[in-house]
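Chemist:
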Amino acid sequence: MGLRRIQGLAFATVLAGAAAIGAGATPSSAEAGGTFIWGMSSEMNILDPHATCSWYTTNAIHNMFEGLVMLDLAKPEETRAKLKPALAESWTVSDDGLVYTFKLRQGVKFHDGTDFNADVAKWNYDRFMDKSAKQFYDQAAAYMAYYTRWIKSVERTGDFELKVTLNEPNYEWLQMGVQACGMPMMMSPKSVEQWGNTDVALHPVGTGAFKFVEREQNVKVVFEKFDGYWGEKAKIDRLIFRPMADQATRLAAIRSGEVSMINEAPWDELESLKSEGFQISTNGNIPSIWLVFFNHKDPIMKDVRIRKAINMAVNRDGIATDILKGTGRPEYGMLSPGTYAYKAGYQPFKYDPEGAKALLAEAGYGPDKPLKLEFDIYEYGYNEVWEKWIQRDLKKVGIEVKLNKIEWITYLGKWLKGMEPTVHMNEIGWGWSIPFWTQMMARCDSQPPNGFNISWYCNAEVDKLFNEALKTRDEAKAAELYQKANDIMMGQDFAYMPKFVYYNPLVLSPKVKKFSNAQENWYDFSVVELAE
Numbered sequence: 002m003g004l005r006r007i008q009g010l011a012f013a014t015v016l017a018g019a020a021a022i023g024a025g026a027t028p029s030s031a032e033a034g035g036t037f038i039w040g041m042s043s044e045m046n047i048l049d050p051h052a053t054c055s056w057y058t059t060n061a062i063h064n065m066f067e068g069l070v071m072l073d074l075a076k077p078e079e080t081r082a083k084l085k086p087a088l089a090e091s092w093t094v095s096d097d098g099l100v101y102t103f104k105l106r107q108g109v110k111f112h113d114g115t116d117f118n119a120d121v122a123k124w125n126y127d128r129f130m131d132k133s134a135k136q137f138y139d140q141a142a143a144y145m146a147y148y149t150r151w152i153k154s155v156e157r158t159g160d161f162e163l164k165v166t167l168n169e170p171n172y173e174w175l176q177m178g179v180q181a182c183g184m185p186m187m188m189s190p191k192s193v194e195q196w197g198n199t200d201v202a203l204h205p206v207g208t209g210a211f212k213f214v215e216r217e218q219n220v221k222v223v224f225e226k227f228d229g230y231w232g233e234k235a236k237i238d239r240l241i242f243r244p245m246a247d248q249a250t251r252l253a254a255i256r257s258g259e260v261s262m263i264n265e266a267p268w269d270e271l272e273s274l275k276s277e278g279f280q281i282s283t284n285g286n287i288p289s290i291w292l293v294f295f296n297h298k299d300p301i302m303k304d305v306r307i308r309k310a311i312n313m314a315v316n317r318d319g320i321a322t323d324i325l326k327g328t329g330r331p332e333y334g335m336l337s338p339g340t341y342a343y344k345a346g347y348q349p350f351k352y353d354p355e356g357a358k359a360l361l362a363e364a365g366y367g368p369d370k371p372l373k374l375e376f377d378i379y380e381y382g383y384n385e386v387w388e389k390w391i392q393r394d395l396k397k398v399g400i401e402v403k404l405n406k407i408e409w410i411t412y413l414g415k416w417l418k419g420m421e422p423t424v425h426m427n428e429i430g431w432g433w434s435i436p437f438w439t440q441m442m443a444r445c446d447s448q449p450p451n452g453f454n455i456s457w458y459c460n461a462e463v464d465k466l467f468n469e470a471l472k473t474r475d476e477a478k479a480a481e482l483y484q485k486a487n488d489i490m491m492g493q494d495f496a497y498m499p500k501f502v503y504y505n506p507l508v509l510s511p512k513v514k515k516f517s518n519a520q521e522n523w524y525d526f527s528v529v530e531l532a533e
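Everything in the sequence shown is counted per my numbering, starting at 2 for the first residue and increasing by one.
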């Protein structure tokens with residue numbers, strides 16, 4: 002991801018002083034009061050849209066804050082999520098692709114009653130761009146640099162008009178801003194002035210369909226419907242996110258009616274839950290690949306034979322059928338589904354354990370000298386894939402992997418700094434509804450502290466193709482360029498180990514209606530209804 006500084010960012014989660022589930026809403030009365038409760042498998046990060054990361058957090062951000070544009074998450078039948086007007090009623094792009102002119106929506110109020118206009122929009126951009134601005138926040142600037150690196154200037158050209166000029170064409174730039182890590186969404190200047198850049202995350206104020214009520218760390222975050230919302234009002238009165246790290250606890254909570262939805266249910270339980278009357282929701286177009294990163298600075302992992310052997314040793318079909326129980330499919334490339342560049346069925350190599358053994362032997366490893374690797378992994382959700390399958394597959398070909406399990410938020414902070422010399426591999430599940438995600442994972446100039454290329458991969462030929470793709474307005478031609486880059490990364494360099502595309506199974510109460518499991522890992526809860 003473009004030139005952004007990540008080193009030293011504080012990924013510590015926020016503490017809040019609330020003590021109860023909120024006025025009149027208890028877990029045992031989840032649906033009765035029009036309250037939707039999500040039992041989620043991990044805690045969220047801080048609630049500052051300019052300075053936060055993780056898809057769990059984005060679920061809060063996207064329902065509480067809005068940008069000039071947003072993703073339309075109410076059409077799960079589409080192959081990819083597309084932009085829709087939000088705080089900008091409309092926008093135009095100049096013929097040279099450099100100037101974006103936004104006509105801003107009038108009559109919009111923040112949750113604190115203050116007005117939205119072009120001055121406020123410019124104030125927000127200055128918060129993460131202008132070091133001379135009183136409200137400038139260095140942590141926000143670090144998170145937002147992937148987006149702002151393309152911007153030459155931001156001008157207020159009317160009470161309700163904003164003009165953004167880029168320094169070079171990038172036809173994915175606008176959609177970059179709604180993709181989960183540092184987002185140019187509009188915050189109330191009054192809230193930042195009152196609480197300061199750090200503490201405002203404890204008192205977030207946006208313009209979205211839901212407004213913040215309270216947060217109790219590791220217990221809940223509570224939102225309620227914003228009656229002054231400019232658009233269609235939310236159907237539910239309250240929205241509560243409850244972190245429940247333990248899988249058995251989440252299962253018991255959905256079965257007892259304590260929560261309205263859970264994620265990361267045991268795959269073996271999905272059929273039983275369906276037979277009990279619960280709704281199982283999936284989407285095969287979610288732009289998310291679960292993949293392994295190799296440390297390209299490490300002497301062992303620099304050897305392409307090692308990287309290829311690891312890729313060939315893992316039976317992805319077996320993971321999809323025996324572990325995921327059909328809630329995912331094998332993946333071999335670095336282009337996310339749900340984007341215009343994705344090529345279904347791409348497979349530059351096959352499962353071949355004997356071929357993997359031969360490559361390892363060439364590299365000097367064998368029965369008398371097994372290859373021993375250190376692997377960092379986060380604690381929630383997917384350890385079963387590693388412990389029951391990938392570790393076993395790699396051991397069969399002579400690779401012994403030690404798993405270092407780390408709590409999710411701690412893991413994320415470590416992951417963003419780039420792989421340390423003592424770590425050979427780590428993993429994450431990620432993707433965007435535009436293929437620029439692949440660039441931010443692989444560009445030479447996106448290595449930490451300047452981006453998310455945490456594996457230190459670098460190939461000038463790949464970068465050249467990436468640059469051409471960004472400047473190409475024709476999506477079909479841009480897709481060809483991305484696919485050529487993908488073939489170098491995965492057909493020649495074996496630079497990563499994509500494992501599977503996950504369909505993100507969610508378990509919902511029978512009372513939940515009109516939930517949209519759209520083409521992202523976050524949801525528009527304003528469309529949800531609850532039956533009596």
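Heads up, the beta-carbon is just placed ideally off N, CA and C, and yes, glycines get one too. Predicted model only: the values in this text are computed from it and were never measured.
#1: Check this for me: beta carbons of R317 and K500, under 8 Å apart or not?
#2: I believe F295 touches A532 by the beta-carbon criterion, under 8 Å. Please report the beta-carbon distance rounded to the nearest angstrom.
#3: Just the Cα atoms here: how many angstroms apart are R393 and S456?
#4: Give the single residue among I407, K370, G430 whose Cα lies nearest to the Cα of E401.
#5: Just the Cα atoms here: how many angstroms apart are K465 and V305?
#6: Taking the Cβ atom as the reference point for each residue, do R239 and G35 lie within a distance shorter than 8 Å?
#7: Can you tell me whether DSSP reads Y190 as helix, strand or coil?
#8: Do you know offhand how far A61's Cα is from H204's?
#9: What number of angstroms, rounded off, separates the C-alpha of T340 from the C-alpha of P368?
#10: Do you know offhand how far A477's Cα is from T53's?
#11: Does DSSP put P354 in a helix, a strand or coil?
#12: What did DSSP end up calling M498 once you bin it into helix, strand or coil?
#13: From the DSSP output, read off the bridge partner residues of W431.
#14: Roughly how many whole angstroms lie between the Cα atoms of D120 and E225?
#15: Which one or two residues does DSSP pair with W92 in a beta bridge?
#16: Would you kindly check if the distance between the Cβ of E428 and the Cβ of W291 is under 8 Å?
#17: Out of R128, G346, Y366, which one is the CA nearest neighbour of V398?
#18: Might you give, ordered along the chain, the residues of its own chain that have their beta carbon closer than 8 Å to the beta carbon of K514, omitting 5 neighbours on each side?
#19: Determine contact between the segment 214-224 and the segment 122-141, defined as no fewer than three beta-carbon pairs at a distance below 8 Å.
#20: Would you mind giving the Cβ-Cβ distance between I489 and N454, rounded to the nearest angstrom? I have them listed as a contact below 8 Å.
#21: Can you name, in chain order, every residue of its own chain whose Cβ lies under 7 Å from the Cβ of G536, other than the five neighbours on each side?
#22: Give me the DSSP bridge partner(s) of I407.
#23: If contact is defined by three or more beta carbon pairs under 8 Å, each pair taking one atom from either stretch, is the segment 175-182 in contact with the segment 431-440?
#24: Taking the alpha-carbon of S192 as reference, which of W387, K85, M184, G207 has the nearest alpha-carbon?
#25: Could you tell me the alpha carbon to alpha carbon distance between E521 and S289, rounded to whole angstroms?
#26: Tell me whether N405 is buried or exposed, calling it buried when 16 or more other Cβ atoms sit within 10 Å of its Cβ.
#27: Would you mind sorting F350 into buried or exposed? The rule is 16 or more other CB atoms within 10 Å of its CB.
#28: Going by C-alpha distance, which of I301, H297, G356, T328 is nearest V315?
#29: Compare the beta carbon distance of K104 and G229 with 8 Å and say whether it is the shorter of the two.
#30: Span of the beta strand (DSSP E) holding N264?
#31: From the DSSP output, which residues share a beta bridge with W390?
Modeler: Checking against the coordinates, here is how it stands:
#1: Locating residue 317 in the sequence shown gives position 316, counting from the first residue. Locating residue 500 in the sequence shown gives position 499, counting from the first residue. For R317 and K500, yes; Cβs fall inside 8 Å.
#2: Along the sequence shown, read from residue 1 onward, the residue named residue 295 stands at position 294. Along the sequence shown, read from residue 1 onward, the residue named residue 532 stands at position 531. 49 Å between Cβ atoms; not a contact.
#3: Numbered from 1 along the sequence shown, position 392 holds the residue referred to as residue 393. Numbered from 1 along the sequence shown, position 455 holds the residue referred to as residue 456. Spanning the two alpha carbons is a distance of roughly 24 Å.
#4: Residue numbering aside, residue 401 sits at position 400 when the sequence shown is read from its first letter. Ranking the options by Cα distance to E401, first place goes to K370.
#5: Locating residue 465 in the sequence shown gives position 464, where the first residue counts as 1. Locating residue 305 in the sequence shown gives position 304, where the first residue counts as 1. Cα to Cα, the separation comes out at about 21 Å.
#6: To locate residue 239, count along the sequence shown from 1; it is residue 238. To locate residue 35, count along the sequence shown from 1; it is residue 34. For R239 and G35, yes; Cβs fall inside 8 Å.
#7: The residue labelled residue 190 in the question sits at position 189 within the sequence shown. Per the sequence shown, the amino acid found at residue 190 is Pro instead of Tyr. If DSSP states are grouped into helix, strand and coil, P190 belongs with the helices.
#8: As a first step, residue 61 is located in the sequence shown; it is residue number 60 there, counting from the start. As a first step, residue 204 is located in the sequence shown; it is residue number 203 there, counting from the start. Roughly 13 Å between the two C-alpha positions.
#9: As a position in the sequence shown, residue 340 is number 339, starting the count at 1. As a position in the sequence shown, residue 368 is number 367, starting the count at 1. Going by the C-alpha atoms only, they are around 43 Å apart.
#10: What you label residue 477 is simply residue 476 of the sequence shown in a count that begins at 1. What you label residue 53 is simply residue 52 of the sequence shown in a count that begins at 1. Straight-line Cα distance between these residues: approximately 33 Å.
#11: What you label residue 354 is simply residue 353 of the sequence shown in a count that begins at 1. It is helical.
#12: In the sequence shown, residue 498 corresponds to position 497, counting from 1. DSSP places M498 in strand when its eight states are reduced to three.
#13: Your numbering for residue 431 matches position 430 in the sequence shown. Its beta-bridge partners are I290.
#14: For the purposes of this step, residue 120 is taken as residue 119 along the sequence shown, with counting starting at 1. For the purposes of this step, residue 225 is taken as residue 224 along the sequence shown, with counting starting at 1. Rounded to whole angstroms, D120 to E225 spans 27 Å at the Cα level.
#15: If you number the sequence shown from 1, residue 92 lands on position 91. Per DSSP, F103.
#16: Indexing the sequence shown from 1 puts residue 291 at position 290. Indexing the sequence shown from 1 puts residue 428 at position 427. In contact: W291 and E428 (Cβ atoms closer than 8 Å).
#17: The count along the sequence shown starts at 1 and reaches residue 398 at position 397. Among R128, G346, Y366, the Cα nearest to that of V398 belongs to Y366.
#18: As a position in the sequence shown, residue 514 is number 513, starting the count at 1. The answer, listed in chain order, is V529, E530, L531, A532.
#19: no
#20: Here residue 489 refers to the residue found at position 488 when the sequence shown is read from its first residue. Here residue 454 refers to the residue found at position 453 when the sequence shown is read from its first residue. No, I489 and N454 are not in contact; Cβ-Cβ is about 15 Å, not under 8 Å.
#21: Since the first residue shown for the chain is 2 and the last is 533, residue 536 is missing from the structure and cannot be characterised.
#22: Taking the first residue of the sequence shown as position 1, residue 407 is located at position 406. Looking at the DSSP assignment, I407 forms a beta bridge with Y379.
#23: yes
#24: What you label residue 192 is simply residue 191 of the sequence shown in a count that begins at 1. Among W387, K85, M184, G207, the Cα nearest to that of S192 belongs to G207.
#25: The residue given as residue 521 occupies position 520 in the sequence shown. The residue given as residue 289 occupies position 288 in the sequence shown. Distance between the alpha carbons of E521 and S289 is about 8 Å.
#26: Taking the first residue of the sequence shown as position 1, residue 405 is located at position 404. Exposed is the call here.
#27: Here the question's residue 350 lines up with position 349 in the sequence shown. Flag for F350 reads exposed.
#28: As a working mapping, residue 315 is identified with position 314 in the sequence shown. Minimum Cα distance to V315 is reached at G356.
#29: On the sequence shown, residue 104 is found 103 positions in, with the first residue counted as 1. On the sequence shown, residue 229 is found 228 positions in, with the first residue counted as 1. No.
#30: Along the sequence shown, one-based indexing puts residue 264 at 263. It spans 262-264 - the beta strand (DSSP E) in which N264 sits, taken as one unbroken run.
#31: For the purposes of this step, residue 390 is taken as the residue at position 389 of the sequence shown. Its beta-bridge partners do not exist; DSSP assigns none.
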